[in-house]
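Visitor: Sharing a structure, written as structure tokens. Questions coming.
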Amino acid sequence: MVITDQIQEVKEFLRCHPNLIINADDFGKSELVNEGIIFCFKNELITSASLMANEEGTDSAIKYIKENRLSTIGAHINLTEGYPMGKFDVDLLLNHDGTWNKNNYWNPKILNRGILEKITDEINLQLDKIIDSGINLCHLNSHHHIHTIPFLFSVFFKIAKKRNIKMRMAQTYSEGNYVKYYYRKFINNLLKSNGLAFSDYFKTINAFVIRKNNLRGKNVEIMVHPSFTADFSKLVDTWEDKDFISELIMLMED
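For any residue, its number in the working numbering is found by taking its place in the sequence shown, counting from 1, and adding 9.
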């Protein structure tokens, strides 16, 4: 089971660092993920979460959000896993069984106006599902960071601007690819200049720890993916495939 003393340490650390936004992605993906995120909310281990509108645990996540009047909920747009919400008939972006095919979002063919309109419709359907349930969204991001892909960023940007919803920044760090680095800097500056940036910076836990001296006092969104294991014996981060509390403790290291 999760160690109580460690939870208290992390809780006190986060209370002293209100500039850190610990955001749990994938809310609604499954009951194990939901229970993990609910546990984290109750124990103040996260400050916000991003909800998926088209997954098996969506309805139970919405019920929990409403019962507890959570106000720091964002939309986690999903165009890469499972099925679309609407009548999406773009074969280029679907597998034979009708599930999303995430491998073709770099294909220039998606710049076709008709395809972009259908993608826009699907994003709006997912947003409306959440909003119509009575949840006031405070931010917008996407599963597998699909909103930062060059062919799709403008679609997400226009929707965020029209609805006045903050968007997740792109993570910027040296990957030996200067084109990617400067592209991400460009879209981040665009979000900031339009008042649509959810934070000053966006990082994973590991990236934050490496660069924390340069980020002191900045509003930093840190992405996490808490979930219980099948026997509920352990809380893990599914993105890092590591113990979740141990990951959070890394934030406290000098």
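A virtual CB, placed ideally from N, CA and C, is assigned to each residue, including glycine.
If you reduce the DSSP assignment to three classes, tell me which class Pro117 lands in.
Guide: Here residue 117 refers to the residue found at position 108 when the sequence shown is read from its first residue. Of the three classes helix, strand and coil, the one that applies to Pro117 here is helix, per DSSP.
Visitor: Can you look up Asn215 in the DSSP assignment and give me helix, strand or coil?
Guide: Reading the sequence shown from its first residue, position 206 is the one you call residue 215. Asn215 falls in the helix class under three-state DSSP.
Visitor: Report, in whole angstroms, the separation of the C-beta atoms of Gln135 and Met94, which I expect to be a contact under 8 Å.
Guide: Reading the sequence shown from its first residue, position 126 is the one you call residue 135. Reading the sequence shown from its first residue, position 85 is the one you call residue 94. Confirmed, about 6 Å.
Visitor: Within this structure, are the beta carbons of Ile31 and Ile139 separated by less than 9 Å?
Guide: Here residue 31 refers to the residue found at position 22 when the sequence shown is read from its first residue. Here residue 139 refers to the residue found at position 130 when the sequence shown is read from its first residue. In this structure, Ile139 does not lie closer than 9 Å to Ile31 by Cβ.
Visitor: Could you check how far apart the C-beta atoms of Leu54 and Lys20 are, in whole angstroms? I think they sit under 8 Å.
Guide: Locating residue 54 in the sequence shown gives position 45, counting from the first residue. Locating residue 20 in the sequence shown gives position 11, counting from the first residue. 7 Å between Cβ atoms; contact.
Visitor: Check whether the Cβ atoms of Leu149 and Tyr114 sit closer than 9 Å, and answer yes or no.
Guide: Residue mapping note: residue 149 aligns to position 140 of the sequence shown, counting from 1. Residue mapping note: residue 114 aligns to position 105 of the sequence shown, counting from 1. For Leu149 and Tyr114, no; Cβs fall outside 9 Å.
Visitor: Which first and last residues belong to the alpha helix (DSSP H) in which Ile132 is found?
Guide: Locating residue 132 in the sequence shown gives position 123, counting from the first residue. Where Ile132 is concerned, the enclosing alpha helix (DSSP H) stretches over Arg122 to Asp141.
Visitor: Quick one: grab the DSSP three-state call for Ser59.
Guide: Here the question's residue 59 lines up with position 50 in the sequence shown. Three-state result, Ser59: strand.
Visitor: Less than 8 Å between C-beta atoms, sequence neighbours within five positions excluded: which residues of the same chain meet that for Arg193?
Guide: Taking the first residue of the sequence shown as position 1, residue 193 is located at position 184. Closer than 8 Å at Cβ, skipping near neighbours: Thr157, Ala179, Gln180 and Thr181.
Visitor: DSSP three-state call for Ser80: helix, strand or coil?
Guide: Position 71 of the sequence shown, counted from the start, is the residue given in the question as residue 80. Ser80: coil per DSSP, three-state reduction.
Visitor: On the criterion of 16 or more Cβ atoms from any shown chain inside 10 Å, does Gly107 qualify as buried, or is it exposed?
Guide: Here residue 107 refers to the residue found at position 98 when the sequence shown is read from its first residue. Gly107 is exposed by the Cβ-count criterion.
Visitor: Would you say Ser236 and Thr247 are within 9 Å of each other, going by their C-beta atoms?
Guide: Translated into positions along the sequence shown, residue 236 becomes position 227. Translated into positions along the sequence shown, residue 247 becomes position 238. Cβ atoms of Ser236 and Thr247: closer than 9 Å.
Visitor: By DSSP, does Val99 sit in helix, in strand, or in coil?
Guide: As a first step, residue 99 must be located in the sequence shown, where it is residue number 90. It is coil, neither helix nor strand.
Visitor: My output table needs one value for Asn48: the three-state DSSP class, helix, strand or coil.
Guide: For this step, residue 48 is matched to residue 39 along the sequence shown. Contrary to the premise, residue 48 reads as Phe rather than Asn in this sequence. Helix, per DSSP.
Visitor: CA-CA distance, Lys167 and Ile155?
Guide: Locating residue 167 in the sequence shown gives position 158, counting from the first residue. Locating residue 155 in the sequence shown gives position 146, counting from the first residue. Taking the straight line from one Cα to the other gives about 15 Å.
Visitor: Let's test the definition: count the other Cβ atoms within 10 Å of the Cβ of Asn104 and tell me whether it reaches 16, buried, or not, exposed.
Guide: Position 95 of the sequence shown, counting from 1, holds the residue named residue 104. The residue is exposed, with fewer than 16 neighbouring Cβ atoms inside 10 Å.
Visitor: Comparing alpha-carbon positions, which option in Met261, Phe195, Phe253 and Thr238 lies nearest Asn222?
Guide: Here residue 222 refers to the residue found at position 213 when the sequence shown is read from its first residue. The option with the nearest alpha carbon to Asn222 is Met261.
Visitor: What did DSSP end up calling His85 once you bin it into helix, strand or coil?
Guide: Taking the sequence shown and counting its residues from 1, one reaches residue 85 at position 76. His85: strand per DSSP, three-state reduction.
Visitor: Quick check on the burial criterion: 16 or more other C-beta atoms within 10 angstroms. Buried or exposed for Met10?
Guide: Start at 1 with the first residue of the sequence shown, and residue 10 comes out as number 1. Interpretation of Met10 is limited by its pLDDT of 49, a score under 50 that renders its predicted location unreliable; the figure taken from the coordinates is listed afterwards. Counting Cβ neighbours within 10 Å, Met10 comes out exposed, since fewer than 16 surround it.
Visitor: Using the rule of at least 16 other Cβ atoms within 10 Å of the residue's Cβ for burial, across every protein chain shown, is Asn87 buried or exposed?
Guide: Taking the sequence shown and counting its residues from 1, the one referred to as residue 87 is at position 78. Buried.
Visitor: Pick from Leu29, Phe195 and Gly37: whose alpha carbon is nearest that of Asn63?
Guide: By 1-based counting over the sequence shown, the position of residue 63 is 54. Nearest option by C-alpha distance: Gly37.
Visitor: Which of the three DSSP states, helix, strand or coil, is assigned to Ser202?
Guide: Here residue 202 corresponds to residue number 193 of the sequence shown, with the count starting at 1. The answer is helix: DSSP assigns Ser202 an H, G or I state.
Visitor: Looking only at C-alpha atoms, which of Tyr190, Thr129 and Lys189 sits nearest to Phe165?
Guide: In the sequence shown, counting from the first residue as 1, residue 165 sits at position 156. If we check each option's Cα against that of Phe165, Thr129 comes out closest.
Visitor: Using the C-alpha atoms, what's the distance from Ile144 back to Lys75?
Guide: Taking the first residue of the sequence shown as position 1, residue 75 is located at position 66. Taking the first residue of the sequence shown as position 1, residue 144 is located at position 135. Each residue's Cα considered, the two are about 7 Å apart.
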